[in-house]
């Protein structure tokens, strides 16, 4: 599947991007209300955690699953990505969580990608849509890391 290959590429691209940054550029907060690049990558760890669980639930269920949202700012704050982690730790966590997602999604067959889920607002989506959305979300934040 194309999205799976894209995720594999993104793991390499983001790793290289972050490893090329200075620690100051990675950890500097543009303002109190804005995330540092380290926190952006931490947010992507939270996204990976939440989406891994969703992907597994899709694969294990024959009925539509409820796809619950999460409070992203609260997760980043509670995890303490800015103050409780070294830059390399956040990168390693992000990379390994996404490698775990690759392994799970390699188990998905065509029929699995058509399985249904229901968002908090009642919108019905498929596993394919959710996985594509996960990739697009990562690409959006990769652009922020590049800036």
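Residue numbers (full-length UniProt numbering): 1 to 147.
A virtual CB, placed ideally from N, CA and C, is assigned to each residue, including glycine.
A straight line joining the alpha-carbon of residue 128 with that of residue 62 spans about 15 Å.
In chain order, 65, 67, 117, 130 place their CB closer than 8 Å to the CB of residue 54, counting only its own chain and leaving out the 5 sequence neighbours on each side.
Contact between the region 23 to 30 and the region 2 to 11 is absent, with fewer than three C-beta pairs closer than 8 Å. The Cβ atoms of residue 135 and residue 3 sit closer than 8 Å to each other. Counting along the chain, no alpha helix (DSSP H) covers residue 33, and no H or E run does either. Its Cα nearest to that of residue 74, the residue 47 stands out among 123, 103, 47, 114. The three-state secondary structure of residue 109, taken from DSSP, is coil. Per DSSP, reduced to three states, the secondary structure at residue 116 is strand. Going by beta carbons, residue 97 and residue 18 fall outside the 8 Å limit. According to the DSSP assignment, residue 12 belongs to no beta strand (DSSP E) but to the alpha helix (DSSP H) extending over 2 to 20. In this model, residue 87 and residue 23 are separated by some 7 Å (Cα to Cα). Residue 80 sits exposed, since fewer than 16 C-beta atoms from the chains shown fall within 10 Å of its C-beta.
In the DSSP secondary-structure assignment, residue 65 is bridged to 117.
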